[in-house]
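In my numbering, the protein residues as written are 17 to 268. The structure appears right after this line, and notes come after that.
Structure, rendered in C-alpha cells:
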C-alpha cells in the first residue's frame with residue numbers, strides 16, 4: 017500500500033540559485049510550480065515527505081521575502097536553507113559540508129548604540145539553528161563518515177573575493193567558519209516567526225582572489241553535496257517532526 021503523504025508537516029527548503037535547487041527538484045514527485053513576485057516555488061514530495069522547494073535569488077532581501085512567503089502562504093513547519101558558501105577556515109575546501117550552529121550579519125553595524133557587531137536592534141547577537149535538527153543531521157553525517165564543521169556562519173550582500181575582505185571578516189568574526197549571502201536573513205525571519213531552522217551548506221570557494229573563478233567551477237559540486245545530505249536527512253527529520261515542533265529553541 018502506498019504510504020500516505022502527511023501534508024500537515026510541510027518542510028520549506030530555500031536555495032538561492034538554480035544549481036542549488038536542481039538536484040532536489042529532480043527528486044520531487046507529483047509537483048507543481050508556482051511563481052510569486054518572480055520567486056519560484058516547487059511544491060511536491062520527496063520520499064513521501066511534503067516539501068516546498070524555493071529558489072529565492074541571491075541576497076538577503078530575496079531570501080527573506082522567500083522565507084516569509086513559505087511561512088505565510090505555504091504554512092511550512094520548519095525551514096532548511098541549502099546551497100553554497102565561501103570558506104573562512106583553511107580546513108574547509110570546495111565540497112566540504114558545514115552545518116552552522118548560528119548565523120549573523122557581517123554587514124550590519126549598530127555598535128554606536130551598544131549592540132554587538134552584526135546584531136540587529138531587538139534581536140539576539142546571532143540566530144540559532146534548531147538543536148534537535150542539528151543533532152539529527154550530525155548523527156547522519158557521523159554514521160556515514162562524512163566530514164563536516166559546525167560553528168558560526170556570517171551573511172551579507174557582498175561576494176567575498178579578496179584576501180583583504182576575508183581578513184577583515186575573520187578579524188571582526190573570529191569564530192566564523194564560512195560566509196554566504198542568505199542564511200542570516202532566512203534565520204532572522206524564522207526567529208521573528210518562531211520557526212525552527214537548519215542550515216546545510218557546502219563550500220564553493222575560499223573567499224579570496226580566486227573566489228569568482230572557483231565559485232563557477234565548484235558550484236555544482238557544492239550544490240550536489242549540500243543537496244544529497246539534505247535528501248538523506250529529510251527522512252530522519254520527518255520521523256522526528258513532532259519533537260522538532262516542540263523544540264523551537266531557535267530563539268536566544
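C-beta: ideal position from N, C-alpha, C; glycine also.
Sorted by chain position, which residues of the same chain lie with C-beta nearer than 8 Å to residue i's C-beta, five sequence neighbours on each side aside?
| i | result |
| --- | --- |
| residue 181 | 174 and 223 |
| residue 39 | 239, 240, 243, 244 and 247 |
| residue 4 | As displayed, the chain neither begins before 17 nor continues past 268, which places residue 4 out of reach and without an answer. |
| residue 236 | 35 |
| residue 136 | 121, 124, 126 and 204 |
Quick one: grab the DSSP three-state call for residue i.
| i | result |
| --- | --- |
| residue 204 | helix |
| residue 74 | coil |
| residue 90 | coil |
| residue 249 | helix |
| residue 33 | coil |
CB-CB under 7 Å to residue i, same chain, minus the five flanking residues each way: which ones, in chain order?
| i | result |
| --- | --- |
| residue 156 | 248, 249 and 252 |
Rounding to the nearest angstrom, what Cα-Cα distance links residue i and residue j in this structure?
| i | j | result |
| --- | --- | --- |
| residue 114 | residue 213 | 14 Å |
| residue 228 | residue 234 | 10 Å |
| residue 141 | residue 147 | 17 Å |
| residue 191 | residue 73 | 27 Å |
| residue 37 | residue 138 | 33 Å |
| residue 127 | residue 196 | 22 Å |
| residue 44 | residue 66 | 9 Å |
| residue 168 | residue 185 | 12 Å |
| residue 100 | residue 209 | 25 Å |
| residue 149 | residue 96 | 10 Å |
Please classify residue i: is it buried, with 16 or more other beta-carbons within 10 angstroms of its beta-carbon, or exposed?
| i | result |
| --- | --- |
| residue 159 | exposed |
| residue 215 | buried |
| residue 88 | exposed |
| residue 269 | This structure gives no information on residue 269, because the portion of the chain shown stretches from 17 to 268. |
| residue 82 | buried |
Based on DSSP bridge pairs, tell me the residues matched to residue i.
| i | result |
| --- | --- |
| residue 45 | 61 |
Cutting at 6 Å between CB atoms, please list the residues of its own chain near residue i, excluding the five before and the five after it.
| i | result |
| --- | --- |
| residue 188 | 133 |
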